[in-house]
Structures are given as C-alpha cells and as structure tokens.
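Going by my numbering, the letters in the sequence shown line up with residues 2 to 540, in that order. In this text, a Cβ means the ideal position worked out from N, Cα and C, and glycines have one as well.
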Amino acid sequence: MGKLLWGTPKDLRTLLCELVSWESRTLTEGEKEFPFKVENKLKQLDYFKQHPEFLALHEADQGRNLVMALYEHPKAADTIVLISHFDTVQTEEYGDLEQLAFRPEELTKKLFERKDDLPEEARADLESGNYLFGRGTMDMKMGLALHMALIEKASMENWPLNLVLLTVPDEEVNSMGMRKAVSELVNLREERGLSYKMFFNSEPAFSQKPGDEKHYVYSGTLGKIMPAALFYGKETHVGEPLKGMTANYMASFLSQAMEWNALYRESDLGESTPLPVSLQQKDLKMQYSTQTPYRATALYNVFLMKRNAAEVMELFEQTAMQAATMCNTAYSGLCRREGIEGIGEVQVLRFEQLLEYAEAKRGVRFVSKLKAEILAHPEWDEREKSLRIADKLMIQCHELAPAIILLFAPPYYPAVNSSEDPFIMECIATVKRAAAENGVEVDQVHYFNGLCDLSYVNYSDPGNGWSSYERNTPVWGETYSIPFADMLELRAPVLNVGPFGKDAHQYTERLHMDSAFVHTPHMLESLMKSLCKKVLETV
Numbered sequence: 002m003g004k005l006l007w008g009t010p011k012d013l014r015t016l017l018c019e020l021v022s023w024e025s026r027t028l029t030e031g032e033k034e035f036p037f038k039v040e041n042k043l044k045q046l047d048y049f050k051q052h053p054e055f056l057a058l059h060e061a062d063q064g065r066n067l068v069m070a071l072y073e074h075p076k077a078a079d080t081i082v083l084i085s086h087f088d089t090v091q092t093e094e095y096g097d098l099e100q101l102a103f104r105p106e107e108l109t110k111k112l113f114e115r116k117d118d119l120p121e122e123a124r125a126d127l128e129s130g131n132y133l134f135g136r137g138t139m140d141m142k143m144g145l146a147l148h149m150a151l152i153e154k155a156s157m158e159n160w161p162l163n164l165v166l167l168t169v170p171d172e173e174v175n176s177m178g179m180r181k182a183v184s185e186l187v188n189l190r191e192e193r194g195l196s197y198k199m200f201f202n203s204e205p206a207f208s209q210k211p212g213d214e215k216h217y218v219y220s221g222t223l224g225k226i227m228p229a230a231l232f233y234g235k236e237t238h239v240g241e242p243l244k245g246m247t248a249n250y251m252a253s254f255l256s257q258a259m260e261w262n263a264l265y266r267e268s269d270l271g272e273s274t275p276l277p278v279s280l281q282q283k284d285l286k287m288q289y290s291t292q293t294p295y296r297a298t299a300l301y302n303v304f305l306m307k308r309n310a311a312e313v314m315e316l317f318e319q320t321a322m323q324a325a326t327m328c329n330t331a332y333s334g335l336c337r338r339e340g341i342e343g344i345g346e347v348q349v350l351r352f353e354q355l356l357e358y359a360e361a362k363r364g365v366r367f368v369s370k371l372k373a374e375i376l377a378h379p380e381w382d383e384r385e386k387s388l389r390i391a392d393k394l395m396i397q398c399h400e401l402a403p404a405i406i407l408l409f410a411p412p413y414y415p416a417v418n419s420s421e422d423p424f425i426m427e428c429i430a431t432v433k434r435a436a437a438e439n440g441v442e443v444d445q446v447h448y449f450n451g452l453c454d455l456s457y458v459n460y461s462d463p464g465n466g467w468s469s470y471e472r473n474t475p476v477w478g479e480t481y482s483i484p485f486a487d488m489l490e491l492r493a494p495v496l497n498v499g500p501f502g503k504d505a506h507q508y509t510e511r512l513h514m515d516s517a518f519v520h521t522p523h524m525l526e527s528l529m530k531s532l533c534k535k536v537l538e539t540v
C-alpha cells in the first residue's frame, strides 16, 4: 500500500491551508474556479487515476459547479454521502489584513502583533497556540479536507463501504449547489445501484455560549423560511399628509407584531428555535422627493423544527391580520380626531390572491411579461426580485390599496432531524467512544444552530406543505426552485460531526487545531470503520 497524501495531522494542516488559499467567496470568480482545483487534487489519488469516471463536476448555475467523487467497493451497496460546501462569506471585516484572510499561517502570526485589538476570548485563544485563524478554516474547508482524507483512506484500504464525496458552492446564500446536487444524488443511486445509508456533514461544532469549549455532534439541523411583506399605501404630497397613508406607517405595525413573536418559537427534544426578527425593512422610493413613501417591503427570519411552509404562512397571515386591525384602529382614531373620511381600511392578501386578481384584470400574458421584465435585472437577487414582482402587480391593481401583500422570499431550508433513528443513535455512541479515547467530551445537539445543506435530504412532508411555498414565492420556477420530489427520494438519516471552532463569519474565525487534525479525524475514521465492520458481519 502506498503512502497516504493526507494521513497525518501535518498533512491535513497543509491540505487545509491550500484549500483556504483558494479563495472562494460566494459569487466570485474564486468560487467558480475552486471545484476545478479540488478535482485536480483528487486526481492525484491512485483510485481516481484508475477510475476517472467516478470523479465529476456538475453545473450548478452562473458558471459554478459542484464536485462529486465516488469510492465504490465492488461488493458493497451501503453508501455514506459526505457533504460539504466550499464557498465562504466575504472578508471586508479584516480591514487592512484582508489580503491575509485566506493565508491562515501568516494571518495567525500577524495577529500576534495586534493581539491587544482582539476581543478577550479571541486573544486568549491566539496566545494559547491552539487555534488557526482565517476565513474558511472553520466554515467549512476543514470539513472538506476531512472528507478528502476519508475517501483517500477508504480507497487505499479497500473499505467494504461506498463513499460519495459531495462538495458544493453557494451554501452561504441560496444553497443552489446543494439543490442542484439532489437530482445528481438520485441519478447516481440509480446508475450504480447504491443504497444511501446516511447523509453525513462536517460543518464545525459551534459554542453554545461564550466560553463554551465542548465538542458537539448534531443529529439534525434547523430549518429557515423567510416570510416577506409588501406594504402598499396611498401616495400624497407631504403638504397634504392626510390624503394618503405611508407604507412605513403600515409596516411599523407588522414589524412590531413579528419581531420576537413567541408564536413562531418551536420546541423539540428540549431545544428551541431562536425568535423571529426582521432582516430588512425599506421603502421602494428610488430617490428623494416630497411625495410620501407609499410602497415598502420587509423580510422576516423564521426558524423551523417541525412546521412546514403552509403552517408558517397561516401563522404569518394571522399575525398580519392582527397588525392590520391595530393599524386600522389607530387610523380610524386619527380620522375622527382630524375630521376626515380617510382612504379606507388596510387589507391583507397573500401573493397568490394578488396574482390571481392581476391575471384576471390584465391577462396572463401581460403579467408574464411584467414578471420577465423584473427577472431580467441581474443586479437584483432573488429576494429583491420577489418583492419587486409583488410591487409591480400592485401598481397595476392599486385599487386594492391600502394593502399588505404576504409572500415568501428565498431561501427556504426545511428542518431535518434524525435523533430518534436507531442507526444514528448507534453512530453517535461510536463517535463518543472514539472521542473519549483522546480525552474529548462530546455532547449531542439535536438541531444544528447554523443553516446546513442537510436540509435538502431526508425530506418528509406528508401534507404537501411545500405547495404553499410554490404558490406564494414570486420567483418560483424562474430563478429559484427546490427539488421537493427528488428530496423525497433521498430517504436516509443525517448526522453532522465536524471540528471545533469559533466565530464563524467574523474576522476572528478560527479553528481548534487538535480538534481538526487529531480528534475529529479519529472520530470520523472510527465511525466509518465501525460501519465497515457491520457490513462484513452481515455478509
């Protein structure tokens, strides 16, 4: 047997630093180039020299690709899918050190010269010598490095278990990479006769609170959905304010009703979702004038455990109706005080109702053309396009005003959980035993508290709750879609075991080196070899 390329802690550290040096911020040229570099790296393995057909790139969108590499044992059907993402968030927060953000060794050394500028906990970690700093060290190129090392070892030692290495772009924004990967996983399973046993991710283990050094494994991941609203009032001149109603006035009632609303909190297995907050609120005036702002929008973040899109829309509509009632009550009092008739009561409509009304009034062809004009704006993302489509429809149907239009804006991450799956319970027990061999304490968390590509596998929705999402997402089927039908085909439990790190998406992002290069590799290899042993016992 030849020498492993990535078989020692030193080799893994070198691999990680190389992966990080290939900067791959979401929606940059680096993100487009990264998968080709990974492909070339994997081509160094003897297995893929002998089986080049098992290593492939698949198009995601906008020139971005995902990488899929299969190690297949000739007598095995059981397959573990190793999922990671290679895009990172931006780096402006590094300031004049931004050029070092993707050079972990140099950045870590440089930070010693400025350690007094670091937050107390980050400074202590730097001085300990246990952490490597840099964008992507923690989130999540170490996860990819671990998976590359696993597939190398499996191929060298001829493990009686199939492994699919899948690494994707765009996890940090819309998860287009993973959404495209779903159909590729279904195709691969059919072509090769694979039986998916587990979808395995290695997103990093996050601290549960400041100062928390415990290592966690995750048997599920939170979902996320983004209810959004268009507020359409009545324009007027600021000198005649009572002849109109500002959208900002209307928005204030719904935003107060949505922010931190406990109705949206879910609890399961002793854990709870964070409360909802607004992610954006703005009016749609393109320039300053003395015309009052009569169109505004808002996005709200809602985390999920058990609820589907239909249930969230029901709750959102309920909240919006209550907000509209409060708005109308306040406005009626104003009208009585000022002795005016007013412009009418605010009503609440779902996007699907607005769309149906607009198509009946102006025709399906006219509405399709209007949508196409919005979708043709490359400078607008899916969220902006969603809101602008609703806005343009309301301009054509302004007789419905004043109104609050409810819709969904991308992205949507369904929640997934495998905590009660006997196979996952056994896997977690194996991981804990392996960790204990190195003196590491591992605890289980039922829902990963950062968004994760595992949301798009092991999907279950017997009530077809996604149909509400399709009907109320203006860009659905155009610039955004979710392969719900194929997701239902990928029925296998999920597990996330990754290295420990801190401060993802901050300039102090850092990776615990012993965890990354010693402890987690041991946990992952112990788990995979225990699965191999079970396969052999059943043969």
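Three or more beta-carbon pairs separated by less than 8 Å are not found between the segment 496-505 and the segment 167-176, which leaves the two stretches without contact. With fewer than three CB-CB distances shorter than 8 Å, the segment 499-519 does not count as touching the segment 468-475.
If the five residues before and after P494 are omitted, its C-beta is found closer than 7 Å to the C-beta atoms of M199, S419, D422, F424, I425 and N459, all from its own chain and listed in chain order.
For F449 against T222, the beta-carbon gap comes to about 4 Å, under 8 Å, which counts as contact.
By the C-beta density criterion, L264 is exposed, having fewer than 16 other C-beta atoms within 10 angstroms. By the 16-neighbour rule on beta-carbons within 10 angstroms, N439 is exposed. Taking the Cβ atoms as the reference, T80 lies roughly 6 Å from V165, within the contact range of under 8 Å. Excluding residues up to 5 positions away in sequence, A324 lie with their Cβ nearer than 8 Å to the Cβ of Q257 in the same chain. Where G31 is concerned, the enclosing alpha helix (DSSP H) starts and stops at E30 to L43. Here DSSP, grouped into helix, strand and coil, assigns T222 to strand. For S85, no alpha helix (DSSP H) segment is defined; the enclosing uninterrupted segment is the beta strand (DSSP E) at D79 to H86. Around the C-beta of T320, 16 or more other C-beta atoms lie within 10 Å, and the residue is accordingly described as buried. Proximity to V432 across V368, F103 and L532 peaks at L532, based on C-alpha coordinates.
Taking each of H74, K142, E40 and F113 in turn and checking the Cα distance to H86, the smallest one comes out for K142.
When secondary structure is reduced to three states using DSSP, M149 falls in the helix class.
Contact between Y132 and R511 holds: CB atoms are separated by about 4 Å, below the 8 Å threshold. For G3, the CB contacts under 8 Å within the same chain, skipping 5 residues up- and downstream, are D47 and M157 in chain order.
Residues of the same chain with a CB within less than 8 Å of the CB of H399, apart from the 5 flanking positions on each side, are Y233 in chain order. Short of 6 Å from the beta carbon of A436, and not among the five residues preceding or following it, lie these beta carbons of its own chain, in chain order: V443 and M524. Taken through DSSP and simplified to helix, strand or coil, Y413 comes out as coil. DSSP, reduced to helix, strand and coil, places H378 outside both helices and strands of the structure shown, so it counts as coil.
Just so you know, the alpha carbons of N309 and S268 end up roughly 14 Å apart.
Between the segment 233-243 and the segment 121-136 there are fewer than three inter-stretch CB-CB distances shorter than 8 Å, so the stretches are not counted as touching.
The Cβ atoms of F304 and G224 lie closer than 9 Å to each other.
Taking a cut-off of 8 Å on C-beta distances, the segment 358-375 does not touch the segment 337-346, as fewer than three cross pairs fall below it. In the pairwise beta carbon analysis, the segment 48-57 is classified as not touching the segment 23-36: fewer than three pairs are separated by under 8 Å. In the DSSP annotation of this structure, the continuous segment of the beta strand (DSSP E) that includes M69 starts and ends at R65 to Y72.
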